[in-house]
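Under my numbering, residues 5 to 158 are what the sequence shown spells out, in order.
The beta-carbon is built from N, C-alpha and C at its ideal position, and this holds for glycine as well.
Everything below concerns the one structure shown next.
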Amino acid sequence: MIKIIFILALFLSSFIGQVAYAENTEDVIKYRKNIMKAIGSHISIIAANLKGKVSINEDILPHSKSILLTLSSININKTFPENSGPNNSNNTQSLENIWTEKDLFSNAMKDSVSKAENLVIAAESGDKKNIAKSLGALGKTCGSCHNKFRKKKN
Ligand code: HEC
């Protein structure tokens, strides 16, 4: 029995070691793309209601909050670590200036977070015109970061 526990402990510790080690470039690239895609999906959900494609308006507030929560919880250092740019992988649209102009990148993120805050306030008011305006303003911040820090898709 003791032998089994010992072997199990050995197995587990090597597994934990591997988990810590396993964070490779491709995984973190996929990971951050998933975060971005999630944000994009929340935006599409809100937009579908604003355009009247569906009328499930009670979804606007939770999805606005989700955008704020998701954007504001992005840890740039961990989500965009050094050596996960275009020199290290063909699967990223991130541009190298994310790492050479870190402050600008981080400010672009802050700008987006603050516009997401405004979107939540508008969503709480329930005024669709205001929501549309705030969503547009948020969308601009996505676009301006992408213009500067993301490779254009051909
Ligand atoms: C501070 C910069 C920044 C902000 C702000 C930002 N993004 Fe991004 N986004 C990026 C970068 C960089 C990539 C490329 C990631 C990669 O390929 O490594 C990206 C990629 C994406 C992608 C493509 C994901 C894929 O599968 O390739 C989508 C969709 C996206 N962003 C949506 C959004 C939306 C919507 C917003 C605004 C609410 C937003 N982003 C705000 C920097 C930003």
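Paired residues, beta bridge with residue i - DSSP
{"i": "Arg154", "result": "Ser98"}
Assigned exposure category for residue i - 16 Cβ within 10 Å defines buried
{"i": "Leu72", "result": "buried"}
{"i": "Ala42", "result": "exposed"}
{"i": "Thr2", "result": "In the structure displayed, the chain extends from 5 to 158; residue 2 sits before or after that span and is not available."}
{"i": "Gly89", "result": "buried"}
{"i": "Lys106", "result": "exposed"}
{"i": "Ile8", "result": "exposed"}
Check: residue i C-beta below 7 Å from any heavy atom of the ligand HEC
{"i": "Ile102", "result": "yes"}
{"i": "Gly140", "result": "no"}
{"i": "Ala112", "result": "yes"}
{"i": "Lys41", "result": "yes"}
{"i": "Ser59", "result": "no"}
{"i": "Ser98", "result": "yes"}
{"i": "Thr145", "result": "yes"}
{"i": "Leu54", "result": "no"}
{"i": "Ser76", "result": "no"}
Of the listed residues the options, nearest to residue i (C-alpha basis)
{"i": "Asn101", "options": "Phe84, Lys119, Asn95, Lys114", "result": "Phe84"}
{"i": "Asn111", "options": "Ala51, Ile80, Ile49, Ser88", "result": "Ile80"}
{"i": "Ser76", "options": "Met113, Ala136, Phe153, Asn134", "result": "Met113"}
{"i": "Asp31", "options": "Lys7, Phe109, Asn92, Ala141", "result": "Asn92"}
{"i": "Lys133", "options": "Asn151, Gly56, Lys69, Gly147", "result": "Gly56"}
Beta-carbon contacts of residue i that lie in its chain and below 8 Å, excluding the five residues immediately before and after
{"i": "Asn53", "result": "Ser59, Ile60, Asn61, Asp63, Ile64"}
Cβ neighbours of residue i in the same chain (closer than 7 Å, five flanking residues each side left out)
{"i": "Asp115", "result": "Thr145"}
{"i": "Ile78", "result": "Ile39, Met113"}
Cutoff 6 Å; reference residue i; Cβ partners in own chain excluding five residues on either side
{"i": "Ser177", "result": "A query on residue 177 cannot be resolved here, the shown segment of the chain reaching from 5 to 158 and no further."}
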